[in-house]
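What follows is a short report on a single structure.
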Amino acid sequence: MAEMYKSRSPDLIELWHTIRIPLIIAIGVLYITIRLRSILRARAPVLTTPPSPSKLEPQLCAEPDGTVILPEKFEATSPSNKRRKLSPAKNVPKRITGGEARKKKPVKPNPGAPPAVEGGEEITQRNGKSIQVFIFYSSLTGSTAKYADKLSNDLFSEPLHIPKPTPPSVDNAEPEPVVEKATFLPPIVENLDYLDLDDYFISPATVKGPNTTSVYLLLIPTYEITSPVDAFLEHLSETHNDFRIDTRPLRSLAGFSVFGFGDKEGWPTEEGRGGGVFCGQAKEADRWMSKLTGGKRVFPIGMGDVKGDALANMDEWRKHLEIALNDLATGEILPESTGVDSEDEEDVAQDAATTEPLVDVEDIGNSIRSSKPSKSKKSSAPLAVDFTTTNPRTSKLKEMVPTSSPTHSALTKQGYTIVGSHSGVKLCRWTKSALRGRGSCYKYSFYGIKSHLCMETTPSLSCSNKCVFCWRHGTNPVSTTWNWVVDPPEMILSGAMEGHYKKIKILKGVPGIRADRFAEAFRIRHCALSLVGEPIFYPHINEFLSMLHARHISSFLVCNAQHPDQLARLKYVTQLYVSIDASNKESLRRIDRPLHRDFWERFMKCLDIIKAKKDRMRTVYRLTLVKGFNIEDEVEGYANLVEKGLPAFVEIKGVTYCGTSTSVGAGLSMQNVPFYEEVCEFVKRLNGALQKRGLGYGIAAEHAHSCCILIASNDYFIDGRWHTVIDYQKFFELLEEGKEFGPLDYVGPPTEEWAVWGNGGFNPADERVYKKGKHKGKTAEEVAAELAAEAAEAESGCG
């Protein structure tokens, strides 16, 4: 047997090699034929013969209260008669609800049974189609992400309340058509910031099932700074204008809708990004999506105010959106009829620009803004829906930080004492350090100001920038114009001093407080107007400064170079600062995130004003270095700005990382905090660039503990020594004389030797305590002894 099988095996192998290729081809052709046949059979329409009028079954009628009535008599209708007369009972329109897709089954009506219900509503026949909803959002701080999750959870979570049309009369009653309902799949939430936009906005997203279509819902916040929304809008624009891509690449979508988030209080009327209006970037996204889809808006754009009740605004929009989606699913509106054609978008935008201001319509939700009907015969643009509270604005101004507001609560938790409605005071950490004899801040090393005699306050908590390095946790209000109640300067000053003294009293029992300095602290000698916000924003800033000087309290005022008009009107200040956080426009936009559209022009104008004031007061450029933002390759740019303004001093300090979620959202981390050695290297290069230009500047002083270095004009290099300290008594005397004077008229004694560049800047009269590393909790003397012992041990070792 074994020999027989061995003899036959070569024949079988040869036979297999002969027929294997035709066999494989035949199997492939058979599979393709069966597959094509099944696909064509699934797509082929099912033709049914309509029943003869004489064979029509009697239909059920219902009273408005839901009682089912069986008609007693139905007239037989001849074939020539086009209408069928019904019994004199009232027809009620069917209510349509979402649900799972069910296969069509021919059901013979049972005259004696009530209609089947699901959740209190009639079940309609379905055609097996399904709709996949995609929810796209962009978010810097996570707020829009929460809104997107809530929308996903709430969509179709409540029974719909669809208004019922008037029932038809008996004479013209028509039999109700069978409603074919599509099924809505669970929504998919996607973050635009991390998506490959080509996968979703050059062609529709891939969905499961041959009969599944998609609906795009976009939640778009509007920012006045560079954000991922800009990249998304740019992508939509490039997709539309790319000749290699179809004009309407998303036309196969079932539809789309957009909801925008904006700050109506911050910039209610000023022009900005995305068309310069409230929720401008959302409106721009709506316009581009209309072009890409061929005008398939399921529901007009909605808008919510983040300073109002944005959640209620979005919830109202969602309810109307659900009704529109149901109409789309049941075929009551066609995708092609949900909006204007993309060719008409520009015309519609121009028509909207010439119409009257939007007016309130109260029949849906909080408010719907509508415009005059278009004169064109074509379909007009869908109305923008603003679900924010739009009650008429009263002439009474609001408070900037009301006591009941979240802003007031957040600032209070951070240690601020709110004074009046728009001012604040807070105890600086250097004040606490000086009271314990552990050192003052750089102001003492540079200018002779003792930290325990300094009050840090601001008459305006509002700011026009959102700097990435701001350690105020991003909770203070922002605005470009003053539109709040104005408190009198007398109240602000008295309230600030009272709040400051109360905070000093609290420190009475803190271990290590020196009694002599604690007693001195109840006589404020200096006021730093740099706490939070924009002090120069306060309308009565000159009166406030005059009251400080009348009490012999010196003033350091810091502005962010965004309010040139207020800066030009400013009178005497002991020392005037301007923040120079970047050397070019794009870098300034990234790091300061200004609200003004013309921020760079304002910035440059303020530098011109600083130059004009340099002969009347001490002027300072303050540079905050943030690694990865404004250090690399910007030395020459900074030198150009110094040449433009010619300030008396240039303070360079490293950024302080506060670790807030706001900083993380802006892309700031410990990686962006420069080491002191890096700050020193930057200062050397900047000083070299200034000397190459022939500008008379030099490195005068330093305070390593604050990571801060001072470059000063050679005007303050007198008799071979730097004189950066201020003669405060002389300053007050010159003010009281009422004559014109300049900054060199109140130059103080020479800068202390321990504060001069190269000596560290720590006051030897104070006791330095290390708070980090292996020397944590030890004094400078103890650390020096340990270092000496380690050095001696290393020298005594062998080798």
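With the sequence shown counted from 1, adding 1 to any position gets you the numbering used here.
Even for Gly, the Cβ is constructed at its ideal location relative to N, Cα and C.
Since the structure is predicted, the reported quantities are computational estimates derived from the model, not experimental observations.
Same chain, Cβ closer than 7 Å to Gly697, five either side skipped, listed in chain order: Ser714 and Asn715
Measure from the alpha carbon of Cys471 to the alpha carbon of each residue in Glu400, His453 and Tyr658, then state which is nearest. Tyr658
Helix, strand or coil for Met401? Go by DSSP, reduced to three states. coil
Could you check where the beta strand (DSSP E) with Tyr578 kicks off and where it finishes? Gln576 to Ser580
I need the boundaries of the beta strand (DSSP E) containing Thr625, first residue and last residue. Arg619 to Leu626
Would the beta-carbon of Leu589 fall within 8 Å of that of Asp599? no
Would you please verify whether the beta carbon of His527 is less than 8 Å from any beta carbon of chain C? This model lacks chain C altogether; it includes just one protein chain.
Does the pairing of the region 317-325 with the region 276-288 give three or more beta-carbon distances under 8 Å? no
Sorted by chain position, which residues of the same chain lie with C-beta nearer than 6 Å to Asp287's C-beta, five sequence neighbours on each side aside? Val259 and Ile302
In whole angstroms, what is the alpha-carbon distance linking Lys292 and Asp200? 18 Å
According to DSSP, what are the bridge partners of Lys654? Thr625 and Cys709
What number of angstroms, rounded off, separates the C-alpha of Met498 from the C-alpha of Tyr539? 18 Å
Selection from Thr19, Leu546, His704 and Ile719 that minimises the alpha carbon distance to Trp431: His704
Whole angstroms are fine: how far does the CA of Arg591 sit from the CA of Phe630? 8 Å
So for Leu532, helix, strand or coil by DSSP? coil
Once DSSP output is grouped into helix, strand and coil, what is the label at Leu57? Confidence at Leu57 is low in this model, with a pLDDT of 40, below 50, so its placement is unreliable and the value that follows should be read with caution. Coil, per DSSP.
Using only the alpha-carbon positions, how far apart do Ser39 and Leu186 sit? 25 Å
Of the listed residues Ser584, Ile221 and Gly29, nearest to Ile632 (C-alpha basis): Ser584
Do Cys455 and Ala529 have their CB atoms nearer than 8 Å? yes
Using only alpha-carbon positions, find the residue among Gln415, Arg686 and Gln672 that is nearest to Ile653. Arg686
With a threshold of 16 other CB atoms inside 10 Å of the CB of Ser1, please say whether the residue is buried or exposed. As shown, the chain starts at 2 and ends at 800. That puts residue 1 outside it, with no answer to give.
Runs of 4 residues minimum, wholly inside the region 213-282: which ones carry the alpha helix (DSSP H) assignment? 229-242
Proximity to Pro478 [Cα-Cα], best of Glu521, Asp720 and His423: His423
Continuous alpha helix (DSSP H) stretch holding Ser495: start and end: Pro490 to Ile507
Three-state secondary structure (DSSP) at Leu186? strand
Can we say the region 719-736 touches the region 686-695, given the rule of at least three CB pairs closer than 8 Å? no
Touching by the beta-carbon criterion (3+ pairs, under 8 Å), the region 442-451 and the region 726-745: yes
With burial defined as no fewer than 16 other Cβ atoms inside 10 Å of the residue's Cβ, what is the status of Thr642: buried or exposed? Correcting the residue identity first, residue 642 is Leu in this sequence and not Thr. Answer is buried; the Cβ neighbour count reaches 16.
Contacts around Met401, its chain only, beta-carbon distance under 7 Å, and the 5 residues preceding and following it disregarded: Ser422, His423, Leu462, Ser463, Pro478 and Trp485
As assigned by DSSP and simplified to three states, the class of Cys429: coil
Hey, how far is the Cα of Phe157 from the Cα of Asn192? 21 Å
Just verifying my parser: in three-state terms, what is the DSSP assignment at His541? coil
Thr459 and Leu532 closer than 8 Å at C-beta: yes
For Glu754, which of helix, strand or coil comes out of DSSP? helix
Check Gly761 in the structure and name its three-state DSSP category. coil
Range of the contiguous beta strand (DSSP E) that encloses Gly303: Gly303 to Asp306
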